[in-house]
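Single-structure report; data block below.
Numbering (the working numbering), first residue to last: 3 to 475.
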């Protein structure tokens, strides 16, 4: 986050108290019991036992585990589009012309899009209508870190570009279309494919809506653009917030919604932007007495419309005496306080170690907004208690993450504590880890589905606090 000038004197949503957290007249839509209308499922995701052998010719393939995953992914995605293109767009499907497997450490193969030498990537090349992947570095790294479904994710995305090429005007893609729009659309097409897999229609893969989708969401987070990247850049793909938004749109609404993505509607909700000239810390603020006071002021202003007593934020052990213990921050209902362990939050607020992340080592920090969002989530518990909402029902964690998203949108304007480029990705990093607090209920229980956890933050950020009770009442 960035420290700036005077705090914006705008309340979040006055309806938060009247209908935003308490019992509203309209029936609440369940959130924690389903994933975009599908049941929450738990099983090992990946290639099905007895899956057919793909009848595809892959140049340079060595037949190892990653080639097998990639080849099956291409065969499966082609099967999806063979059905989907006629059904959704009224046109027949044509498979890609060629497939290439290469090792970026040793191979120097030339494609119509250039050499693969030292190219740690997977890509669709429109001049020769081919899909290629690096079996030497990229795919094994993804598989080892996030599981086999991350390999399928990357290939489904790249095949999304082939679908853009086939749809032509129906996808609205031209030579002047910004890169980020093409990438968002391809992420969205991948989401549509994974919905088909999650519904049990794939011959090759099975994916659970809990751990399986969690792997996919983690992979989407990993391949984000770095904080401070401009959304207008030639190679812009989007932040983790942007990319997961696009993927979830495809999963929830299908490929027609993806094809309707264009420069106007993508730019309207894109969060990717460079650091502004006043953000000398590049989005990193310390967790100290001054920033905690600014955080409290920001939260008080944002939630003033609820009309309830604001929780106090007090340094301590991060637990409640005789009450909830969710360190490094806990909401203590008895005294309406948020007890925080500053030392652990300071560690969490350290910038992400990008070198460690790229090499597969754990980073000790997630960034300052992860720490502030954890405190904000416990503060939101106090607001919810004040308006009579349950703090430990199945939807409490999702409602809390939604309210954190709404508060993040409130800070996305000039103020004493302002959202910086990359901050929302830091919150998503917290949502995707097993012990993050942003989507936890008062006792620290988190929804099983990372898809749901990320969606709840996103909905609060884009739609405001009123959706939090309507969706997660």
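Every residue gets a Cβ at the ideal spot worked out from N, C-alpha and C, and that includes glycine.
For residue i, the first and last residue of its enclosing beta strand (DSSP E)
i	result
residue 334	331-334
residue 317	314-317
residue 342	339-342
For residue j and residue i, the rounded distance between their alpha carbons
i	j	result
residue 99	residue 81	15 Å
residue 379	residue 402	6 Å
residue 86	residue 229	35 Å
residue 294	residue 345	13 Å
residue 134	residue 333	50 Å
residue 73	residue 236	29 Å
residue 394	residue 437	17 Å
residue 318	residue 164	55 Å
residue 159	residue 144	14 Å
residue 464	residue 303	19 Å
residue 423	residue 55	45 Å
residue 114	residue 349	47 Å
residue 207	residue 78	8 Å
residue 243	residue 260	16 Å
residue 231	residue 276	5 Å
residue 470	residue 241	23 Å
residue 95	residue 108	35 Å
residue 176	residue 219	29 Å
residue 341	residue 292	17 Å
residue 440	residue 45	25 Å
residue 225	residue 185	12 Å
residue 301	residue 285	19 Å
residue 110	residue 330	50 Å
residue 352	residue 320	18 Å
residue 146	residue 389	45 Å
residue 27	residue 472	Annotation note: pLDDT 31 at residue 27 (below 50); position unreliable, coordinate value reported separately. Those two C-alpha atoms are separated by around 10 Å.
residue 452	residue 132	33 Å
residue 58	residue 71	13 Å
CB contact flag (residue i, residue j, <7 Å)
i	j	result
residue 312	residue 180	no
residue 211	residue 40	yes
residue 233	residue 274	yes
residue 69	residue 106	no
residue 217	residue 149	yes
residue 421	residue 462	no
residue 60	residue 101	yes
residue 289	residue 368	no
residue 257	residue 90	yes
residue 474	residue 414	no
residue 37	residue 454	yes
residue 249	residue 222	yes
residue 126	residue 62	no
residue 246	residue 456	yes
residue 316	residue 339	yes
residue 187	residue 263	yes
residue 296	residue 418	yes
residue 305	residue 377	no
residue 278	residue 3	no
residue 238	residue 182	yes
residue 162	residue 192	yes
residue 407	residue 459	yes
residue 169	residue 153	no
residue 322	residue 251	no
Residue range of the unbroken alpha helix (DSSP H) whose run includes residue i
i	result
residue 134	Where residue 134 is concerned, there is no enclosing alpha helix (DSSP H), although the beta strand (DSSP E) it sits in stretches over 132-136.
residue 473	468-474
residue 462	452-465
residue 163	150-169
residue 322	That residue, residue 322, is in no alpha helix (DSSP H); it is neither H nor E in DSSP.
residue 291	291-304
residue 45	Here residue 45 belongs to no alpha helix (DSSP H), and DSSP marks it neither H nor E.
residue 405	398-413
Heavy atom of the ligand ATP within 6 Å of residue i beta-carbon
i	result
residue 87	This structure simply doesn't include the ligand ATP, nor any ligand for that matter.
Open item on the list: If contact is defined by three or more beta carbon pairs under 8 Å, each pair taking one atom from either stretch, is the region 322-341 in contact with the region 438-455?
Closed with: yes
Task: Runs of alpha helix (DSSP H) lying entirely within the region 190-269, each at least 4 residues, in chain order - done: 213-224, 242-255, 257-261
Task: Given 8 Å, three or more beta-carbon pairs between the region 367-376 and the region 422-435 - done: yes
- [ ] Could you name each continuous alpha helix (DSSP H) segment of 4 residues or more that falls completely within the region 65-136, going from the start of the chain to the end?
- [x] 67-86
Open item on the list: At 3 residues or longer, what runs of the beta strand (DSSP E) sit wholly inside the region 367-395?
Closed with: none
- [ ] Tell me, please, whether the region 121-132 touches the region 45-60 by the rule of three or more beta-carbon pairs shorter than 8 Å.
- [x] no
Open item on the list: My parser needs the alpha helix (DSSP H) runs of 4 or more residues fully inside the region 420-446; what are they?
Closed with: 425-434
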